[in-house]
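Notes follow the structure.
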């Protein structure tokens, strides 16, 4: 049992495989690990093709819809006098982060230090990492990132962790930018608001290796509250203690330049929180069945603020039983999150995953017939974990592939 | 909006990044896309370390347990006079496929042509693809694979598909090996047993581009039937029509050398089916919470036939509320499949994922205390989709890393 694969030969083999496949037929195989050169080949061959000619399952984003969503966030936050700092844990795609920053974002957020590293490596310097780094490996990598970007900020919510970061920063010869993560009451991450948070901010301010930049507070519980007015009141209420903490920090003479939080469900609510600076919206650019279930603040039954841009293409592979058909996108392509995927542009048909590898559509009076080889397009249940299954995303406009984007931070859960 | 990333420079940047990180600290960043050279670096640096020094979340396989499971399948199928053809959709790892074949497997199965391509590219030539290729892309790739391996077999369950395959094979100048997939009554894939299946097998036998090798029949419904005697009777009963079909094929003078099916839940039952040749066990080498819920045929309440070898390591990141703690392995590291993950080696503690990025342990009277930075090891809910989230797997023995295996077919859902 010795290691079988040597990296270099592995890479060369895969490239050769793609090339020779290309000379004898139209085969383009999207490898699970999209190696650099293979990716270039795929980009060259698939840019410009109709999305309906892509093999399936394939992850697509409609650029017109995504740009509509960009515009919606920008104009709303502009009008409300706050900024937006989109969460890249959703898309994990440097090309999209670039577009978001070009569109006026203050920077991006990441959930994990591995995502931050992938973004900074691709030239996305303005990164706020919304969780804290507690392991030796992660702290070391975070200090590397401070060297590579003077706009990398990480969260902290424990005194001992703040001391560890400061010591590591001093050893690395950097000053590490830090925001204090305040628990909104969900108890998942963050320090208790009020005195504990204030004292931690004061400690961060004193520690020689750290620069105190403000606070963050994210309440994941309220984002998917369907009732819009309940969502509004619960969110503002949950954020109140953090706002009070920010005010205490200000009165203590601490830096309060950042008060980041909120998400796609509260992007047009968060400006009501005193001192709030920017919303960490993630899903807004894609949408999914979970967010579409929200009522909009303007009274719509569905979350019509944003247009669904992210879809998975799938092919019918079996139709031998009346009223149902098997497709090729199962739980490894769509996850088992709820609500179920929705078939775009058709009515009278339901989609469910059917084990890891297959999906099933069922229909009583469908608007069309289904034949083996037919392609369908579905909206995904929950965008973040679905994106995390794919190595590339096809960015389309008018159903043509404009770009093949590598999802460079896919799998970066560390 | 033009493509931003050029493959080659991307690769070089990543390599440089890893190297320079290595010179200044102990940082090893496992990139989301494990490029060849980066992988080699990681293998060099992490082979031999204690698994408890790995950063988290990390996917590990205990080699002693895996080898126990190998032995269990081999000795049981030997005794029962059938073969085993493990399903690589579970592990997606060529290094493991090699070990399975060295251990006596007839070959491996794959669910998708992309997985088959990844395996054949790595020298695993004996591949039975258990689903059919209906798109132009997949048929072309399948013919490429026929050229690269004279032991690649694919499934077919439609007459038109058989004709398409034959035409493509003739155009490519190959003979494509085919088995007929028979529907066990679940209606997901396969052709109806009896006359329809027999006629399809006869057609395959006649078509100039195809070589008829036998049939497969897989009943996913019975594998997780908890009650062992129900599982036994339901499985044998569900396979009966396929067995009758095989007998009809034999009487018609057709090749019946392959009758493949079954899985980890029926590996010691399938030999009771007349004509059955080999079991497509997938999960047996890893185990997971779903299969552990099965009763064993020998009467145990749990599926003690196989030892859990696959785990995810996770780190405690928050303990500020009594009776619970937050960990760093959420739905992007463990999925939301049920039953919930189980913490190994500890009692009185429950684990649930807590959103995409975090997990939560809760405890009343735990056997230990939990501090920020502590590492835990959990058995995963359902091994296949969890493995599909990771780029590498750490193969350990006595808690030391022996190999860092690339999960080369990860994400190959096409």
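Residue numbers (the working numbering), protein chains in the order written: chain A, 963 to 1376; chain B, 963 to 1376. No residue lacks a Cβ here, since even glycine has one placed at the ideal position from N, Cα and C. As the structure is a computational prediction, the values presented were derived from the model and not from experiment.
Taking the alpha helix (DSSP H) that residue 1416(A) falls in, what are its first and last residues? Outside the displayed range of chain A (963 to 1376) lies residue 1416(A), so it cannot be described from this structure.
Whole-Å CB distance - residue 1160(B) paired with residue 1211(B), under 8 Å assumed: 6 Å
Interface residues of chain B around residue 1047(A) at Cβ under 9 Å? Against residue 1047(A), chain B offers no close residue; the least beta-carbon distance is about 17 Å (beta-carbon pairs closer than 9 Å).
Kindly say whether residue 1255(B), judged by its beta-carbon, lies nearer than 8 Å to any beta-carbon of chain A. The C-beta of residue 1255(B) comes no closer than 8 Å to any C-beta of chain A.
Run of the beta strand (DSSP E) containing residue 1223(B), from where it starts to where it stops: 1220-1223
For the region 1238-1268 of chain B, which residues have a beta carbon sitting closer than 8 Å to at least one beta carbon of chain A? Along the region 1238-1268 of chain B, none of the residues has a CB nearer than 8 Å to a CB of chain A.
Strictly under 8 Å for the Cβ-Cβ distance: is residue 1279(B) near chain A by that measure? yes
Applying the criterion that 16 or more other CB atoms from any shown protein chain within 10 Å of the CB defines a buried residue, is residue 1064(B) buried or exposed? exposed
Could you pull the DSSP bridge partners for residue 1339(B) from this structure? 1275(B)
Measure the C-alpha to C-alpha separation of residue 1337(B) and residue 1228(A) and round it to an integer number of angstroms. 34 Å
Quick check on DSSP: helix, strand or coil for residue 1325(B)? strand
Among 1363(A), 1281(A), 1032(A), the one whose alpha carbon lies nearest that of residue 1150(B): 1281(A)
Using a Cβ-Cβ distance cut-off of 8 Å, determine whether residue 1096(A) contacts chain B. Residue-level contact check: residue 1096(A) touches chain B, since one or more beta carbons of chain B fall below 8 Å from its beta carbon.
Rounded distance between the beta-carbons of residue 1143(B) and residue 1104(B), thought under 8 Å: Going by Cβ atoms, the distance from residue 1104(B) to residue 1143(B) rounds to 14 Å, so no, they are not a contact pair.
Neighbour flag for residue 1302(A) against chain B, beta carbons, 8 Å: no
Residue 1356(B) and residue 1025(B): beta carbons closer than 8 Å? Contact flag unset, no.
Which of the three DSSP states, helix, strand or coil, is assigned to residue 1022(A)? strand
Using the C-alpha atoms, what's the distance from residue 1174(B) back to residue 1121(B)? 13 Å
Under 8 Å by beta carbon: chain D residues contacting residue 1295(B): Here chain D cannot be found, since the structure's protein chains are A and B.
Can you list, in chain order, the residues of its chain with a C-beta nearer than 7 Å to that of residue 948(B)? Leave out the 5 residues immediately preceding and following it. Because chain B here runs from 963 to 1376, residue 948(B) falls outside it and cannot be looked at.
Does DSSP put residue 1101(B) in a helix, in a strand, or in coil? helix
For chain A, check one thing: does any of its Cβ atoms lie closer than 8 Å to the Cβ of residue 1153(B)? Yes, contact with chain A.
Look up residue 1364(A) in the DSSP assignment and say whether it is helix, strand or coil. strand
What's the gap between the Cα of residue 1082(B) and the Cα of residue 1373(B)? 16 Å
Under 6 Å Cβ to Cβ from residue 1371(A), same chain only, skipping five residues before and after it: list those, please. 1054, 1077, 1080
Is the beta carbon of residue 1114(A) sitting closer than 8 Å to the one on residue 1094(A)? no
On the DSSP letters alone, give me the boundaries of the beta strand (DSSP E) that residue 1091(A) sits inside. 1089-1091
Quick check on the burial criterion: 16 or more other C-beta atoms within 10 angstroms. Buried or exposed for residue 1192(A)? exposed
Nearest by alpha-carbon distance to residue 1016(A): which of 1362(A), 1376(A), 1369(A), 1367(A) is it? Of the listed residues, the one whose Cα sits closest to residue 1016(A) is 1362(A).
Paired residues, beta bridge with residue 1280(A) - DSSP: 1288(A)
Cβ neighbours of residue 1335(B) in the same chain (closer than 7 Å, five flanking residues each side left out): Beyond the five residues adjoining it in sequence on each side, residue 1335(B) comes within less than 7 Å, by CB distance, of 1277, 1278 in the same chain, given in chain order.
Could you round the C-beta distance between residue 1244(A) and residue 1051(A) to whole angstroms and report it? I think they count as a contact, below 8 Å. Correct: roughly 6 Å between the Cβ atoms.
Quick one: list the residues of chain A neighbouring residue 1221(B), beta-carbon separation under 7 Å, in chain order. The premise fails here: residue 1221(B) is roughly 21 Å from chain A at the closest Cβ pair, so nothing lies under 7 Å.
Short of 8 Å Cβ to Cβ, which residues in the region 1051-1066 of chain A face chain B? 1051, 1054, 1056, 1057, 1060, 1061
Interface partners of residue 1316(B) on chain A, CB under 7 Å: 1150
Contact between the region 1320-1333 of chain B and the region 1343-1352 of chain B (3+ Cβ pairs under 8 Å): no
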